[in-house]
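Below: the structure, in structure tokens.
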Amino acid sequence: MIVMGRAILVTGGARGIGRAIVEAFAAGGDRVAIHYRGSAASAAELRDALPGEGHAVVQGDMADPASVRAMVDGAAEALGGLDVLVNNAAMYTTHPVLEVSYEEWQAEWRATLDTNLVGAANAIWCAARHLRDRGGRIINVSSRGAFRGEPRHAAYGASKAGLNSLTQSMAVALAPYGIAVAAVAPGFVATDMARERLESADGPAIRAESPFERVAEPQEVASAVHWLASPLAQWASGAIIDLNGASYLRT
Ligand SMILES: NC(=O)c1ccc[n+]([C@@H]2O[C@H](COP(=O)([O-])OP(=O)(O)OC[C@H]3O[C@@H](n4cnc5c(N)ncnc54)[C@H](OP(=O)(O)O)[C@@H]3O)[C@@H](O)[C@H]2O)c1
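Residues 12 to 262 (our numbering) are what the sequence shown spells out, left to right.
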């Protein structure tokens, strides 16, 4: 059998932005391992609908180190190696500092950092062993909130600021092994994660944050991730690319 395309692992690939990223790589002729935690049916349905052959589904909880290791190694086994890791899976919870109990505050911080930051770091540790010496790429899906602040979702904002730092550390650490590491930092994107806020009374004001007066579609994030994995994007290693429709301009 002739194996075509690169081997791509997308965490949280069954829904939202991750799903659009999976579709972008498959449309470009790559083989994709779709990671999911709870969305088993969506992951299987997506795998079966993708163009091309050799796609796989892998399950795992990003907050569980053993599960992450089994998931990454399982993806490499199913795809015959790994060329690209996309750390996309994340959780986003509301925990206003003066409204939640001390116990709730701690639980939210622990779960969010374990999933969004330590989970991504663990996936990098596991994937780097497969990606080295084959022009590998790691792309982390961060957030505008890392820069702008997240007053009601502080653990989320901190997890993404940590992910940006992790991106830059790994860009330097892994370049000698031919691995480029970059991040994208979207503002609001029309997915399940943002649905409640976009459908609330805040929706119009959220859309008005951008002079385009809308939020992003998942495909607009996916196209940047796909480009960061392209041959001529190695020089973007260490970059954190804003994708926010000019809603937040950092200097
Ligand atoms: N939507 C936005 O406005 C926005 C803005 C900026 C950045 N982002 C970032 O974009 C990425 C994708 O977000 P989205 O909007 O597509 O989110 P979403 O629709 O809520 O999907 C979240 C994904 O993360 C996975 N996930 C959550 N907790 C997990 C865990 N403990 N272990 C494994 N997988 C887990 C889910 O998997 P299952 O469904 O299989 O459980 C799902 O695929 C995230 O990193 C998010 O922070 C989103």
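Idealized CB from N, CA, C, for every residue including glycine.
- Looking at T126, V97, L260, the one whose alpha-carbon comes closest to that of A138 is V97.
- For D253, the pairing in a beta bridge is given by DSSP as A196.
- A18 and R208 have their C-alpha atoms roughly 35 Å apart.
- Note on G27: 16 or more other CB atoms within 10 angstroms of its CB, so buried under the neighbour-count rule.
- Excluding five sequence positions before and after G173, the CB atoms of its chain that fall closer than 6 Å to its own CB belong to L128, given in chain order.
- 9 Å or more divides the Cβ of A191 from the Cβ of R155.
- Of the residues G85, G39, A77, the one whose Cα lies closest to the Cα of G63 is G39.
- In the DSSP assignment, R42 falls within the unbroken beta strand (DSSP E) covering 42-47.
- Under the three-state reduction of DSSP output, I150 falls in the strand class.
- In this chain, the alpha helix (DSSP H) harbouring Q230 covers 229-239.
- If you draw a straight line from the Cα of R58 to the Cα of R42, it comes to about 10 Å.
- Going by DSSP, L142 is part of the alpha helix (DSSP H) stretching over 130-142.
- A240 and M73 have their C-alpha atoms roughly 22 Å apart.
- With distances taken between CA atoms, N175 lies nearest to S248 out of S248, A186, A118, A77.
- Between the beta-carbon of A67 and that of A35 there is about 17 Å, and that puts the pair past the 8 Å contact cut.
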